[in-house]
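> Quick one: the structure is below, and I'll ask about it shortly.
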Amino acid sequence: MSEPVLSVDHLTIKLPAGADRPYAVEDVSFDLKRGEILCIVGESGSGKSMSAHALMGLLPEGVAPVAGKILYAGVDLLTLSETDLRDMRGRKIAMVFQEPMAALNPLMRVEDQIAEVFEAHGLHTPQERRTRAVKLLEEVGIPDPPKAAKAFPFQMSGGQRQRVVIAMALALEPEVLIADEPTTALDVTTQAQILHLIRALQRRRGMSVMFITHDFGVVAEIADRVAVMQSGQVVETGTATAVLGAPQHAYTRKLLAAIPKLAAGQGRRATKASPLLQVSGLNKTFRTSHGLFGRSERVVRAIDQVNLTLFEGETLGIVGESGSGKSTLGRCLVRLIEPDTGTVTLAGVDMAHLKGEALRAARKTIQMIFQDPYASLNPRMTVGRIIADGPIAHGVPKAEALAKAAELLSLVGLDSSALARYPHEFSGGQRQRIGIARALALEPRVIIADEAVSALDVSIQAQVLDLLADLKQRLNLSLVFITHDLRVAATICDRIIVMQKGRIVEMGETHDIFTRPQQDYTRLLLDAIPGRSMDEAAVAAAAR
């Protein structure tokens, strides 16, 4: 490998007073070599994104480098003025952010946002900017680039929006591309496409890429070298083959051990008890009221003739890409969304046609854990109130409900002192445990977990999956587990349903789905899982 194009040398970044530690990054050093993809991997709070933002001069207010250097072409970027930094961004070093909707202006057409990159640097005429915008959209693989250039971000899918952000980052032909968790919010097939795109662009343009991620599957798929970060420090570096195959640091081994294994579900066989939840002929169609900008009305069949059965004590997985209808199905089951037609029979009661007090009473038996532990908890309520409010609404005395909330916190591994605290005082994993406690407060028979671990780091994810499996056994729960992560599905599910465009295309026991998929779409999802080579190596090692 050639000489470094960028070097981080003993970098220390100080956090504001009152933070849980003094430094976001402490004495960190690593090199990005010319023409390579370096993956910086670690959990939330490890300092990986702070390091990347320091390279771009984009640290938040109150956070500042206090020691070290960041050298690019012999120049310390930490010494540049804001004017020089602005000129460097995009031209020499560009960045792709995690959430494309936050990085794009929802009120501007795509071509105008790409053209704005050229305009900010005083390059080209207005017509040349638009022409180059279309060519960039073509390079990143967006269908019908001239039409896409005229679209607004909300008219595009998540994968297309991320391609637009990549096009903007490539506009000025930078030498270094920083990609900060660019695939975290994407489903498995879209993630595979973006990873392939970044690798192809890197090779075609000869760029150096710094890829920030918490997903070792992504590391196995794309990295040449790896730097592992923990609590603001680099604890291990090496080639991807060495770090993944023979990790030297205990923290690296811990992260690798926490990755859900595809082989986990291959020995599981579902035990058929009596049916608890039965869904028959369920349909849900969404319509835009009048269309936008003169377009005709759009009709989306989110749920199309869905039939399924959940057995007593079973975990039923629902997998598919974004837009497959899996989350809409989950919300229909708990009546957060009203189905158009069909029945949802829970313990002999048709939930789909209940109203008023009868529906409110029946909802005790089926509860939901939501994807985002930050958005699903009321920030103005104490944890005790959050958990106890459901039982109180169903007539349980307040003192009894709060006592039960304390028991539930202990059950999910939190101290009863959390009752008087607020959600913002807890980590993401702790908030998800609070969400689980809230779902258990009404003593349900069925829990719908909608992407309940997708926002969590791999080690926290493993803890929550273990917790759900334990609670299922201890409380005799049945779970509907909605996820786009097939590794997670393999870990926890007894049976799996595969959804595409609102319809169930395949269902079966976890073992059979992963070893003998019958449908091309299921095989496509399985083939797109990042880091399949890690699982194949693990299976081969076990066989030896």
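No gaps in the numbering here: position 338 of the sequence shown is 318 in this note's numbering, and each next residue is one more. We put the beta carbon where it would ideally sit given N, CA and C, even for glycine. These figures come from a predicted structure and were not determined experimentally.
Would you say Q140 reaches chain D, if we count a Cβ-Cβ gap shorter than 8 Å as a contact?
No chain D is part of this structure, which consists of one protein chain only.
> Are the segment 293 to 305 and the segment 226 to 244 touching by the rule of at least three beta carbon pairs closer than 8 Å?
The segment 293 to 305, when compared against the segment 226 to 244, does not touch it at the 8 Å Cβ threshold.
> Going along the chain, which unbroken runs of the beta strand (DSSP E) with 3 or more residues stay wholly within the segment 447 to 487?
Listed in chain order, the complete beta strand (DSSP E) runs (minimum 3 residues) inside the segment 447 to 487 are 458 to 463 and 475 to 480.
> State the start and end residues of the unbroken beta strand (DSSP E) segment that holds T265.
P255 to R267 is the span of the beta strand (DSSP E), which, as asked, contains T265.
> In this structure, does DSSP put T164 in helix, strand or coil?
Here T164 sits in coil by DSSP.
> Would you call the segment 85 to 98 in contact with the segment 143 to 158, where contact means no fewer than 3 C-beta pairs closer than 8 Å?
Yes, since at least three Cβ pairs between the segment 85 to 98 and the segment 143 to 158 fall closer than 8 Å, the two stretches touch.
> For a test of the three-state rule: what should DSSP assign to T170, helix, strand or coil?
T170: helix per DSSP, three-state reduction.
> With F10 as the anchor, note down where its beta strand (DSSP E) starts and where it stops.
F10 -> beta strand (DSSP E) spans Y3 to K13.
> May I have the straight-line CA-CA distance separating S26 from I20, to the nearest angstrom?
Computed Cα separation, rounded: 10 Å.
> I'd like the span of the beta strand (DSSP E) that includes Y354, first residue to last.
Y354 -> no beta strand (DSSP E), and no H or E assigned at all.
> Classify L339 as helix, strand or coil using the three-state DSSP reduction.
Looking at L339 - three-state DSSP - the assignment turns out to be helix.
> Are the CB atoms of G197 and I493 within a distance shorter than 8 Å?
Cβ distance not < 8 Å, so I493 and G197 don't count as in contact.
> Tell me M148's beta-bridge partners as DSSP assigns them.
DSSP, once it has assigned bridges, lists no residue as partnering M148.
> Go ahead and label Q441 buried or exposed: buried means 16 or more other beta carbons lie within 10 angstroms of its beta carbon, across all protein chains shown.
The residue in question, Q441, is buried, as its Cβ has 16 or more Cβ neighbours within 10 Å.
> For the putative contact between F132 and L296, defined by C-beta atoms under 8 Å, what is the C-beta separation to the nearest angstrom?
In fact, because the Cβ distance is near 38 Å, the residues do not count as touching under 8 Å.
> Tell me whether the segment 365 to 375 and the segment 406 to 426 touch, counting them as touching only if at least three CB pairs, one residue from each stretch, are closer than 8 Å.
The answer is yes - the segment 406 to 426 touches the segment 365 to 375, with three or more Cβ pairs under 8 Å.
> Shortest alpha-carbon distance to G15 belongs to which of R205, V214, I372 and Q498?
Residue R205 is the option with its Cα nearest to G15.
> Suppose contacts are defined by Cβ-Cβ distances below 8 Å. Is G305 in contact with G482 by that definition?
Yes, they are a contact pair.
> M331 and A341 look like a contact to me (Cβ under 8 Å); what is the Cβ gap, rounded to whole Å?
The Cβ separation is near 11 Å, so there is no contact.
> In the DSSP assignment, find the beta strand (DSSP E) that holds A207 and state where it starts and stops.
Start and end: R205 to Q210.
> Do you know whose CA, among Q285, V286, L290 and K264, lies nearest V279's CA?
Comparing Cα positions, the closest option is K264.
> Kindly indicate which residue of T325, Q412 and N358 has the alpha-carbon position closest to the one of Q351.
Cα-wise, what sits closest to Q351 is Q412.
> What residue does the beta strand (DSSP E) around Q213 start on, and which one ends it?
Looking at the DSSP string, the run of the beta strand (DSSP E) that includes Q213 is Q213 to T219.
> Exposed or buried, D195, counting other C-beta atoms within 10 Å across all chains shown (16 or more means buried)?
Counting Cβ neighbours within 10 Å, D195 comes out buried, since at least 16 surround it.
> Is DSSP giving G48 helix, strand or coil here?
Strand at G48.
> Closest to Q213 by C-alpha separation, out of A220, L451, D7 and H404, would be which residue?
If we check each option's Cα against that of Q213, D7 comes out closest.
> Have a look at F273 and Q135 and give me their C-alpha separation to the nearest angstrom.
Because the pLDDT of F273 is 48, which lies under 50, any placement of that residue in the model is unreliable, and the number read from its coordinates should be weighed accordingly. F273 and Q135: Cα-Cα distance of roughly 12 Å.
> Report all residues from its chain with a CB closer than 6 Å to the CB of Y52; omit the five preceding and five following residues, and keep chain order.
So the list reads L(-14), once near-sequence residues are dropped.
> Should the segment 354 to 364 be regarded as contacting the segment 391 to 411, the criterion being three or more beta carbon pairs within less than 8 Å?
Enough Cβ pairs lie closer than 8 Å, so yes.
> How many Å lie between P319 and A429 at the Cα?
Between P319 and A429, the C-alpha separation is close to 19 Å.
> When you compare each of K49, P424, R141 and V144 to S458 by their alpha carbons, which one comes out closest?
That would be P424, whose Cα lies nearest to the Cα of S458.
> Quick check on Q347: buried or exposed, where buried means 16 or more other Cβ atoms within 10 Å of its Cβ?
By the 10 Å Cβ count, Q347 comes out buried.
> May I ask you to report which of helix, strand or coil DSSP gives D56?
Strand.
> Between the segment 371 to 380 and the segment 434 to 454, do three or more beta carbon pairs fall short of 8 Å?
No: fewer than three Cβ pairs fall under 8 Å.
> Which of the three DSSP states is assigned to R71 in this structure?
Coil, per DSSP.
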